[in-house]
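Using the working numbering, the first residue of the sequence shown is number 1, and each one after it goes up by one. A virtual CB, placed ideally from N, CA and C, is assigned to each residue, including glycine. Below: the structure, in structure tokens.
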Amino acid sequence: MKRPVRIANCSGFYGDRVAAAAEMVRGGEIDFLTGDYLAELTMLILWKSKSKDASKGYATTFLTQMEEVLSACVERGIKVVTNAGGLNPAGLANEITELAKKLGVEVKVAYVEGDDILSSVEPIIQSGNSLSHLDTGKPLDIDTTPPITANAYLGASGIVSALSHGADIVVTGRVTDASLVVGPAAWWHGWEREDWDRLAGAVVAGHVIECGTQATGGNYAFFEEVPGLEHPGFPIAEIADDGSSVITKHENTGGLVSTGTVTAQLLYEIAGPCYANPDVVADFSTIHIEDAGDNRVAISGVKGFPSPDQLKVCINLLGGWRNSVSCVLTGLDIDKKADLVRRTVLHEIGSEGDFDELDMRLISCEHPDFAEGHQACAEFRITVKDTDAKKVGRAFSSKAIEIALASYPGLYFTTIPREATAYGVYWPTLIEPRWVNQKVVHHDGSVEEVPILPDTTVPLAETERIQAMSGDANDSVVATGAGSGSRSTRRLPLGTVAGARSGDKGPNANVGFWVRSYDEYRWLESELTVSRIKELLDEAQDLEVDRYPLPNLNAVNFVIRGLLQEGVASSTRQDPQAKSLGEWFRSRMVEIPEQFSQV
């Protein structure tokens, strides 16, 4: 049995702190450096990059990071695993090889490919799989809207193979975020492909550190508890042979690793407790977390079972063109001024039916009676979308801004006339693994085909059945639901007691709430029912809401389906990724039991 492997993260998204790689390599002992750069929106961004230059399509900032740390990684034996390859893992692997020559170091670079199934979309449909949208059930119509990217979510098996053949750096395309951690842990400890509990433990650890500083106090509900949040350190997962782990960070770095920060990240962008990956399904209802010292949180007890027999695919469609203009309303009569803009815009640019979509919304101010003018301001945003770029280009934006001197008092715009920009539509779907040929191109140029799924899988319907059983659509509650002690309450913001973390998964918003004790959880589970969420969030009135209690984490998770329209690239919401949704819920006034509301 080897010692636990220390896996450090240096990126949670394409655009994260460039200096993080150097900080993690120089900050202390690590065995692996990993970086997650991909999201559904990122694939669209990389497509635009590759469309302009066929040699691109990968996360270019990763090369900048490697230039700073590659020599040190080679000298100290630190291996690197990243999905920065995006739509062109071969191109990035070649660039790293050239960089190593420039730096005068020898490094073995391998890459994993096969996730890109764009050329197979039409044959898949012809075979009888309509590539139906996972949420709406609508079949994909490639004649009307041809896909521009299509990538299957691969697992850790290709990474393990590359490391087993001696790779120092492994570049992948679209793998699941957790796979960047599962692969190194499975290779380090020599796990078998059906070591379900061990693999599930690594998936959980990977999920915690995949978003970088969100595990060390970033975006944390109780942010005032976090020291050094101006520059938090990135997280490290120490994963033992049995799959248990300790989440920590380098000493003398900002931020905080606590049961709270870890719980918040566990709830990020999940649905029910069955967290499916190509390698294993991790049961989040079995996670046990506890303090293990200063900035150290132990995770144990995670159970796993075989992965589903189908693979998830992220397809991006070119949805059309969009444009927007924003104007500011100040002081008195905000609603009347906004109504005037609505009427004027419709008079000048046509009716709502003249565009595929016309969205006009008021982002209101707090109150007009403030000492500083900006505090009494509201924003009125007009967004148009259409398949005709000219219709929503300068023909729209110039016409809208022409009203600048002909409308309400104090009008000014925050935008200038501009052309339309292309937007994408996220389309999640499922395929059989036979359509994906995962290949590992080893550092010596040899090519190996590696099965994505283990020999043992379960039908997807079985995983969905287990997930559905964990939900609570009927609003049932535990015990009395109010906790022990006094039943008297105080009307306070929900965030007085509960933390929250929210995010996006395609068209759906996820928001997880947690509290710090089981008595508080009994109240939280009673208070936050599906009907209560709809009362608090008017946008959810006509939407499907899934509810998943997680008593082991003192948490309740919700998925609000369709809140984000067709996904982040297409959504016209002010917050298209639902990043602020949790904090919005925490500001809502609810009746909190007296014994929990001592502030």
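I need the DSSP call for residue i, collapsed to helix, strand or coil.
| i | result |
| --- | --- |
| G260 | helix |
| G582 | helix |
| D359 | strand |
| S502 | strand |
| I431 | strand |
| V590 | strand |
| T529 | coil |
| W514 | strand |
| S446 | coil |
| T489 | strand |
| K390 | coil |
| F596 | helix |
| F396 | helix |
| G373 | For G373, the predicted model reports a pLDDT of 46, less than 50, meaning its position is unreliable; a value from the coordinates is still stated below. If DSSP states are grouped into helix, strand and coil, G373 belongs with the helices. |
| N88 | coil |
| G353 | helix |
| N323 | strand |
| D650 | Limits of the chain in this structure are 1 at one end and 599 at the other, which puts residue 650 out of reach. |
| G218 | coil |
| T383 | strand |
| V478 | Confidence in V478 is poor, its pLDDT being 49 and thus under 50, which makes the residue's placement unreliable; the coordinate value appears in the next sentence. Residue state, collapsed to three classes: coil. |
| K2 | coil |
| I148 | strand |
| T34 | strand |
| D494 | It should be noted that the sequence gives Leu, not Asp, for residue 494. Three-state DSSP puts L494 in a helix. |
| F223 | helix |
| T421 | strand |
| T97 | helix |
If you draw a straight line from the alpha carbon of residue i to that of residue j, how long is it in whole angstroms?
| i | j | result |
| --- | --- | --- |
| N88 | L154 | 15 Å |
| R342 | I363 | 14 Å |
| D542 | I401 | 34 Å |
| N316 | R491 | 45 Å |
| N129 | P273 | 28 Å |
| L605 | Q574 | Because the chain is modelled from 1 through 599, residue 605 falls outside the range shown and cannot be assessed. |
| S11 | E464 | 31 Å |
| T480 | K391 | With a pLDDT of 44 at T480, under the threshold of 50, the modelled position of this residue cannot be trusted; read the value that follows with caution. Taking the straight line from one Cα to the other gives about 58 Å. |
| I169 | P308 | 29 Å |
| N557 | R501 | 9 Å |
| N474 | E527 | Confidence at N474 is low in this model, with a pLDDT of 46, below 50, so the placement of that residue should be treated as unreliable; the coordinate-derived value is given next. Cα to Cα, N474 sits roughly 13 Å from E527. |
| G166 | F62 | 21 Å |
| T144 | V302 | 45 Å |
| L318 | Q595 | 53 Å |
| G512 | D177 | 19 Å |
| F32 | L163 | 11 Å |
| D356 | N323 | 12 Å |
| S179 | A221 | 27 Å |
| V441 | G91 | 12 Å |
| T572 | Y423 | 11 Å |
| F223 | T216 | 10 Å |
| C73 | V109 | 13 Å |
| A555 | S398 | 49 Å |
| D283 | I592 | 31 Å |
For residue i, decide whether its Cβ has a neighbour in chain B, counting only Cβ atoms nearer than 8 Å.
| i | result |
| --- | --- |
| L430 | In the structure shown, chain B does not exist; there is a single protein chain. |
Measure the CB-CB distance between residue i and residue j and report whether it falls below 8 Å.
| i | j | result |
| --- | --- | --- |
| I299 | A205 | yes |
| E95 | A22 | no |
| V345 | T415 | no |
| A240 | I209 | no |
| A498 | L536 | no |
| P433 | R588 | no |
| V257 | V297 | yes |
| G77 | Y111 | no |
| W321 | D279 | no |
| N83 | L38 | yes |
| Q310 | I431 | yes |
| E40 | G567 | yes |
Could you check whether the region 539-550 touches the region 402-410, counting it as contact only if at least three pairs of C-beta atoms, one from each stretch, sit closer than 8 Å? no
Inter-stretch contact at 8 Å, needing at least 3 Cβ pairs: the region 290-309 / the region 435-448: no
Kindly confirm or deny that the region 237-256 and the region 21-28 touch, where touching means at least three C-beta pairs closer than 8 Å. yes
Between the region 251-261 and the region 231-239, can you find at least three pairs of beta-carbon atoms closer than 8 Å? yes
Where are the beta strand (DSSP E) runs, 3 residues long or more, that stay fully inside the region 539-570, in chain order? 545-550, 555-560
Every unbroken beta strand (DSSP E) inside the region 235-320 [3 residues or more]: 235-239, 245-249, 274-276, 281-283, 288-291, 297-300, 303-305
List, from N- to C-terminal side, the beta strand (DSSP E) runs of 3 residues or more that fit wholly inside the region 56-83. 79-82
Three Cβ pairs or more, each shorter than 8 Å: is that satisfied between the region 190-198 and the region 210-220? no
Count the C-beta pairs between the region 414-430 and the region 107-121 that are closer than 8 Å, then say yes if the count reaches three, no if not. no
Counting pairs of beta carbons, one from the region 276-288 and one from the region 513-529, are three or more of them closer than 8 Å? no
Do the region 102-118 and the region 142-152 meet, that is, are 3 or more Cβ pairs less than 8 Å apart? yes
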